[in-house]
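When we follow our numbering, the leftmost residue of the sequence shown carries the number -1, and every step to the right adds one. Beta carbons: idealized from backbone N, C-alpha and C, even for Gly.
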Amino acid sequence: MTPVLHGPRTRLAAPAPGWTVATDVVVVGSGVAGLTTALRLRAAGLKVLVVTKAMLDDGSTRWAQGGIAAALGEGDTPQQHLDDTLVAGAGLCDAEAVRVLVTEGPAAVRRLIETGAAFDKDPEGEILLTREGGHHRRRIAHAGGDATGAEISRALVDAVRLDDGIELIEHALVLDLLTDVKGRTAGLTLHVMGEGQRDGVGAVHARAVVLATGGMGQVFSATTNPAVSTGDGVALALRAGAEVTDLEFVQFHPTVLWLGPDVEGQQPLISEAVRGEGAYLVDADEVRFMVGQHELAELAPRDIVAKGITRRMQETGAEHMYLDGRHFGEQMWEERFPTILASCRSHGIDPVTELIPVAPAAHYASGGVRTDLRGHTSVSGLYACGEVACTGVHGANRLASNSLLEGLVFAERIAADILDRDAAGKLTPRHEDTALEVQRVPLLASEARADIQRLMTRGVGVLRSAASMAEAAEGLAGLAAAHPDDTNKGESPQVETWEATNLHLVATALTAAARLREETRGCHWREDFPDRDDLRWNTHLISRQQDGVLTTLPQEQQ
Ligand SMILES: Cc1cc2nc3c(=O)[nH]c(=O)nc-3n(C[C@H](O)[C@H](O)[C@H](O)COP(=O)(O)OP(=O)(O)OC[C@H]3O[C@@H](n4cnc5c(N)ncnc54)[C@H](O)[C@@H]3O)c2cc1C
């Protein structure tokens, strides 16, 4: 990894910290990645502070339906899991990272069970396993039928709440990294939406910072991600000078409940496991259009299915396709997919007797803050894991149900690395923020959020072209002037203002990478470059910001 440059750092415009707190390690985010890191560090005796934007369970983890992939079944092996992951990643997975994932995954899932997560089992007490797109084996463990994430989140939140040694600050938006003159991590700044001593902007001084802030789905109008998924971790890392990679690979989930043409924000997901159990994709004439497009038909990797749906929508002029699970019968819907059944019925659709309208929506960021196999970013003392990170596991497209597993496995690796360094006396001593020079980034007003989402959906969505993305880039560049923040008028910034500014930086970096990659690969689909081009593009694009200037270049030109 290219070492971080020690030039001036950019930070969000914000009031000076009014309070400070000190700890060994501060973990940002309370999904599977953040809470697993905190629990493992705490078990070894380090002082840990978890900071999270809303309530502890407000990230994507709680919403995961399908399950967690691991070679736990008879006849399955880590090698087969690795093979399926590499195929989905379309040439850009880091094979070593995938090997770590699939070999350490089964034991990490067992430790999650020891922490308290209860997975669905057969009468003999064996964990039930299902299939999802791109997997050639049944290897997806699930809980509560289709409520896997809710159960994992419950178990981790309970364990963290029971541990007096883990300090928690909820409703706290982390703003920026603090660094010393050598560019090493010194802590972070945050804004607490509370009352009392820790209200408003404060600073945490720490020996290591672990970013576990989840995804960036809110960059687009329709997404499966919750409102907190605004790419804050990636924006913070860019401002801190860290490398960010593979941003162009945004996975659009093929089957999101279609509720109308003008929806915004989080939309209900119809898990791939529904197709895994035998539901079909059909058009308005009830033709199974995925048959013949891929040997796995409806269970092809997600990018293939999202493209298949989008293509059929274009051919037939329809706004959505349908999922047909009527042959499951009521009992199976109730037992296996209670959450999805309830969600569909609450929107007036009964999957037992009706076709479910579905269309693709932004779902998962395969890229993120670039890390090595121990979770180090290119900034000393700054770690990243979970969806905010890019470990190299997903390549150009994530294999279904690999992300909860990635969060678990790499969180444990980060905890192990921090503990090793601590034991060897190599963890940097706690020090003050002494960065030589800091440039403050002007903020965008919160109204910019909807404009960013519209521009990105229209120009950098499932289908992309040079023309569509040039329009998006131009629109993004003009937003700062169109929506300046009120701070200049003497008002204190609001959370929505900082979030809009983060979304803008992430959208700008994502668009730059997507424009540069002139090929179609994994979940990056260029209408003007329809083929995969290994000669030019079998490489990663790396974005970094220096002196406030964002650059995106192929890895070999860094
Ligand atoms: C609907 C849905 C279904 C899914 N189904 C599956 C599945 O079946 N299997 C699978 O493997 N994956 C699935 N995924 C993906 C998976 O859930 C996520 O990738 C994973 O949970 C991410 O975990 P995380 O810990 O990295 O982040 P999250 O769980 O998203 O947590 C991020 C945390 O960071 C906090 N945060 C964010 N910004 C800040 C900030 N600035 N300051 C402080 N805190 C901040 C958030 O509040 C949150 O606590 C699904 C995702 C969705 C949305």
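- Query: Is the closest heavy atom of ligand 1 to the C-beta of H361 under 8 Å?
  - Reply: In the sequence shown, residue 361 corresponds to position 363, counting from 1. For ligand 1, at least one heavy atom lies less than 8 Å from the Cβ of H361.
- Task: Under the assumption that L279 contacts I307 (Cβ atoms under 8 Å), give the Cβ distance between them as a whole number of angstroms.
- Result: Reading the sequence shown from its first residue, position 281 is the one you call residue 279. Reading the sequence shown from its first residue, position 309 is the one you call residue 307. The C-beta separation of L279 from I307 comes to about 7 Å, placing the pair in contact by the 8 Å criterion.
- Message: Which complete beta strand (DSSP E) runs does the stretch 231 to 307 hold, if anything under 3 residues is left out?
- Response: 248 to 255, 278 to 280, all fully within the stretch 231 to 307.
- Could you tell me the boundaries of the alpha helix (DSSP H) in which Q63 lies? The sequence position of residue 63 within the sequence shown is 65, counting from 1. Looking at the DSSP string, Q63 is not in any alpha helix (DSSP H), and its letter there is neither H nor E.
- Query: Taking the C-alpha atoms as reference points, what is the distance between E525 and S58?
  - Reply: Against the sequence shown, residue 525 aligns to sequence position 527. Against the sequence shown, residue 58 aligns to sequence position 60. Between the alpha carbons of E525 and S58 lies a gap of roughly 30 Å.
- Query: alpha helix (DSSP H) containing R534: first to last residue?
  - Reply: As a working mapping, residue 534 is identified with position 536 in the sequence shown. Its alpha helix (DSSP H) spans residues 532 to 535.
- How about D230: is its Cβ closer than 8 Å to a heavy atom in ligand 1? Position 232 of the sequence shown, counted from the start, is the residue given in the question as residue 230. For ligand 1, at least one heavy atom lies less than 8 Å from the Cβ of D230.
- So, using beta-carbon positions, are G32 and V26 closer together than 9 Å? The residue you call residue 32 lines up with position 34 of the sequence shown. The residue you call residue 26 lines up with position 28 of the sequence shown. Against a cut-off of 9 Å, the Cβ pair of V26 and G32 comes out as a contact.
- T506 versus P121, M330, G143, M467, residue with shortest Cα-Cα distance: On the sequence shown, position 508 is the one that residue 506 refers to. Among P121, M330, G143, M467, the Cα nearest to that of T506 is on M467.
- Can you find a heavy atom of ligand 2 that lies under 8 Å from the Cβ of L126? No copy of ligand 2 occurs in the structure displayed; its ligands are ligand 1 alone.
- Could you tell me whether any non-hydrogen atom of ligand 1 is closer than 8 Å to the CB of I66? Working through the sequence shown from its first residue, we reach residue 66 at position 68. Indeed, a heavy atom of ligand 1 lies less than 8 Å from the Cβ.
- Query: Cα separation between A478 and L441?
  - Reply: Locating residue 478 in the sequence shown gives position 480, counting from the first residue. Locating residue 441 in the sequence shown gives position 443, counting from the first residue. In a straight line, the C-alpha of A478 is about 8 Å away from that of L441.
- Query: Should L173 and V199 be called a contact, given that it needs their Cβ atoms to be closer than 9 Å?
  - Reply: On the sequence shown, position 175 is the one that residue 173 refers to. On the sequence shown, position 201 is the one that residue 199 refers to. Using a Cβ distance threshold of 9 Å, L173 and V199 count as a contacting pair.
- Confirm, please, whether the CB-CB distance from D74 to R135 is below 9 Å. Position 137 of the sequence shown, counting from 1, holds the residue named residue 135. Position 76 of the sequence shown, counting from 1, holds the residue named residue 74. Between R135 and D74, the CB-CB gap stays under 9 Å.
- Message: Check whether chain D comes within 9 Å of G163, counting only Cβ atoms and requiring the distance to be less than that.
- Response: Of the protein chains in the structure, only one exists, and it is not chain D.
- Item | Q451, DSSP secondary structure in three states | Locating residue 451 in the sequence shown gives position 453, where the first residue counts as 1. Here DSSP, grouped into helix, strand and coil, assigns Q451 to helix.
- Item | Environment of I540 [buried if 16+ CB atoms lie within 10 Å] | To locate residue 540, count along the sequence shown from 1; it is residue 542. The residue is buried, with at least 16 neighbouring Cβ atoms inside 10 Å.
- Message: For H522 and A510, what's the separation of their Cα atoms in angstroms?
- Response: One-based indexing of the sequence shown puts residue 522 at position 524. One-based indexing of the sequence shown puts residue 510 at position 512. Distance from the CA of H522 to the CA of A510, rounded to the nearest whole angstrom, comes to 13 Å.
- Specify whether the stretch 492 to 501 and the stretch 62 to 69 touch according to this definition: at least 3 beta carbon pairs, one from each stretch, less than 8 Å apart. Counting C-beta pairs with one atom in each stretch, the stretch 492 to 501 and the stretch 62 to 69 have fewer than three that are closer than 8 Å, which means they do not touch.
- Roughly how many angstroms separate the alpha carbons of L3 and H374, rounded to a whole number? Taking the first residue of the sequence shown as 1, we reach residue 3 at position 5. Taking the first residue of the sequence shown as 1, we reach residue 374 at position 376. With a pLDDT of 46 at L3, under the threshold of 50, the modelled position of that residue is not reliable, and no figure is offered here.
- Buried or exposed (CB count within 10 angstroms, at least 16 for buried), Q329: Residue mapping note: residue 329 aligns to position 331 of the sequence shown, counting from 1. Exposed, because fewer than 16 other Cβ atoms sit within 10 Å of the Cβ of Q329.
- Query: Under the rule that 16 or more other beta-carbon atoms within 10 Å means buried, what is V547, buried or exposed?
  - Reply: The count along the sequence shown starts at 1 and reaches residue 547 at position 549. V547 should be labelled exposed.
- Looking at F287 and L90, is the spacing between their C-beta atoms short of 9 Å? Working through the sequence shown from its first residue, we reach residue 90 at position 92. Working through the sequence shown from its first residue, we reach residue 287 at position 289. Against a cut-off of 9 Å, the Cβ pair of F287 and L90 comes out as no contact.
- For E317, the first and last residue of its enclosing alpha helix (DSSP H): Position 319 of the sequence shown, counting from 1, holds the residue named residue 317. Careful: E317 lies outside any alpha helix (DSSP H) and carries neither H nor E.
- Message: Below 8 Å, is the gap between the Cβ of L236 and the nearest heavy atom of ligand 1?
- Response: What you label residue 236 is simply residue 238 of the sequence shown in a count that begins at 1. Outside the cutoff, so no.
- Going by the C-beta, is N223 closer than 8 Å to any heavy atom of ligand 1? To locate residue 223, count along the sequence shown from 1; it is residue 225. N223 Cβ: within cutoff of ligand 1.
- Query: What is the C-beta distance between A558 and V289, in whole angstroms, given that I count them as a contact (C-beta under 8 Å)?
  - Reply: The structure shown does not extend to residue 558, since the chain is modelled only from -1 to 556, so the question has no answer here.
- Going by DSSP, name the residue or residues bridged to S541. Numbered from 1 along the sequence shown, position 543 holds the residue referred to as residue 541. In the DSSP output, where bridge partners are listed per residue, S541 has V242, T550.
- Task: Use the C-beta contact count for Q556: other C-beta atoms within 10 angstroms, 16 or more gives buried, fewer gives exposed.
- Result: Here the question's residue 556 lines up with position 558 in the sequence shown. In this structure Q556 is exposed. Its beta-carbon is surrounded by fewer than 16 other beta-carbon atoms within 10 angstroms.
- Put C342 into one of helix, strand or coil per three-state DSSP. Locating residue 342 in the sequence shown gives position 344, where the first residue counts as 1. In this structure, C342 counts as helix in the three-state DSSP scheme.
- Contacting residues, own chain, Cβ-Cβ under 8 Å from L84 (five flanking each side not counted): In the sequence shown, counting from the first residue as 1, residue 84 sits at position 86. Cβ neighbours of L84 beyond the five flanking positions: C91, A93, V96, G393.
- Message: I want to check one thing, is the minimum distance from the CB of L47 to the heavy atoms of ligand 1 below 8 Å?
- Response: For the purposes of this step, residue 47 is taken as the residue at position 49 of the sequence shown. Incorrect: L47 has no Cβ contact closer than 8 Å to ligand 1.
- Residue nearest to R519 in terms of C-alpha spacing, selected from R300, D197, R310, I416: Walking along the sequence shown from the start, residue 519 turns up at place 521. Measuring from the Cα of R519, the nearest candidate turns out to be R300.
- Assign P349 to buried or exposed, taking buried as 16 or more other Cβ atoms, counted over all protein chains shown, within 10 Å of its Cβ. Locating residue 349 in the sequence shown gives position 351, counting from the first residue. With 16 or more Cβ atoms within 10 Å of its Cβ, P349 is classed as buried.
- Message: Ignoring anything shorter than 4 residues, give me the alpha helix (DSSP H) runs that lie fully in the stretch 142 to 183, in order along the chain.
- Response: Those alpha helix (DSSP H) runs which fall completely within the stretch 142 to 183 and span 4+ residues are 146 to 160.
- Spatial distance of L154 from A414 (CA atoms): Reading the sequence shown from its first residue, position 156 is the one you call residue 154. Reading the sequence shown from its first residue, position 416 is the one you call residue 414. Rounded to whole angstroms, L154 and A414 show a C-alpha spacing of 18 Å.
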